[in-house]
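In what follows, a single structure is set out as structure tokens and then discussed.
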Amino acid sequence: MAMVVAACVSLCQRSKKMTYGWEPPLYFVICIAQGLTLLMFSSDACHDNALVKSQDELLGSAITFPSDCSMGTGAKLTISSAVFFFVSAVLASVAYKAERQEMEEEESEGLREPLNL
Numbered sequence: 002m003a004m005v006v007a008a009c010v011s012l013c014q015r016s017k018k019m020t021y022g023w024e025p026p027l028y029f030v031i032c033i034a035q036g037l038t039l040l041m042f043s044s045d046a047c048h049d050n051a052l053v054k055s056q057d058e059l060l061g062s063a064i065t066f067p068s069d070c071s072m073g074t075g076a077k078l079t080i081s082s083a084v085f086f087f088v089s090a091v092l093a094s095v096a097y098k099a100e101r102q103e104m105e106e107e108e109s110e111g112l113r114e115p116l117n118l
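Final position of the sequence shown in the working numbering is 118; the numbers increase by one with none missing.
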């Protein structure tokens, strides 16, 4: 979602900027949020869950739920997305600094060619 917002904002602007200063922190916050979702594996929701025990008692042996959580495909994809958002934050930060430095150099040089009217 953050990438879509960043792309829309970049396309709607008429400036020559390709990256914005708010993108790297946003990607880093998303990386942290993705990583924090994995804390569920160490919570009471996964270990000795009262709701799972009550469902097992209510349903009997018709449907059984595992007593502990395990890392499935979704958890592994969450880890990879957190890593990719971290890499995106680092690369966006480097790109923003390089672009800002380039724009400052262009402004300090002044006109490169004579202005012919």
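Even glycine gets a Cβ: it sits at the ideal position worked out from N, Cα and C.
Source: prediction; values computed, not measured.
Handout entry: Endpoints, the alpha helix (DSSP H) within which residue 93 is located
Key = Residue 93 -> alpha helix (DSSP H) spans 74 to 110.
Problem - Sufficient close CB pairs (3 or more, under 8 Å) joining the region 97 to 109 to the region 35 to 44 - result: No, they do not touch.
Problem - For residue 31 and residue 25, the rounded distance between their alpha carbons - result: Rounded to the nearest angstrom, the two C-alpha atoms are 10 Å apart.
Handout entry: Where residue 51 falls, given that 16 or more other Cβ within 10 Å makes a residue buried
Key = By the 10 Å Cβ count, residue 51 comes out exposed.
Practice task
Note down, in chain order, each residue of its chain lying with its Cβ closer than 6 Å to the Cβ of residue 89, except the 5 sequence neighbours on either side.
Solution key: Hits under 6 Å: 28.
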